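Numbering-wise (our numbering), the sequence shown opens with residue 260 and increments by one.
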Amino acid sequence: MTPTEEYIHRLQTLKEGDLGMLRKLAGRDLDDSLVAFDLFAGLWWPLRAKSDKTPRREVAWLVAKLYAYRPLPQSAGVSLAGQLGKLRIADAKAADRRRRRFDGLLALPLNQIEPALRWAIALLASNDGNLDWVRLTNELSRWEREKTRIEWAEQFLQMKQ
């Protein structure tokens, strides 16, 4: 099991109370709450101590909050961008709004992307979606690379799966 897979597995085993605490910390920095810091440190630090391939702290914290927000089932190979692109929206105006919001998401730096990702995950959840959390974590770890954003755009447009 890779460090990222192990991290996601740890998130999936959190109790509802811990998930609720993480949900309350949406949009906040890790250092804003001692309780949150302790919870996160218990999840992340043992993995980081074993391997430097563990997702970096900022990405791991973001994914923990997103998972707590909507713990979609883990489904290997299912990309967030691809799922958003496949959603059927009958109303042309709503489909255009979704495309514009997705375009806006692609333009955001990692430290500002949480609200846009919450929107995307909520949209998937409302359509009984699932997600490859490991893949999302790995992609967010490379978010600063233009190639990652281009791949998301292609997945959204269903040029690649």
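Using N, Cα and C, we set each Cβ at its ideal position, and we do this for glycine too.
Treat the numbers as computed from the prediction; the structure is a model and nothing was measured.
So, is threonine 272 buried or exposed, given that buried needs 16 or more other C-beta atoms within 10 angstroms? That one is exposed.
Kindly identify the DSSP beta-bridge partner or partners of glutamine 333. Its beta-bridge partners are Leu390.
Which of the three DSSP states, helix, strand or coil, is assigned to serine 400? helix
Quick check: the stretch 366-380 against the stretch 399-409, are there 3 or more CB pairs under 8 Å? yes
Going by the beta-carbon positions, is the gap between threonine 313 and tryptophan 320 smaller than 8 Å? no
How long is the line joining the alpha carbons of glutamine 328 and serine 292, rounded to whole angstroms? The amino acid occupying residue 328 in the given sequence is tyrosine; glutamine does not appear at that position. C-alpha separation (whole angstroms): 17 Å.
Nearest-angstrom Cα distance between lysine 352 and arginine 359? 11 Å
For leucine 339 and phenylalanine 299, the rounded distance between their alpha carbons: Looking at the two C-alpha atoms, the distance is approximately 24 Å.
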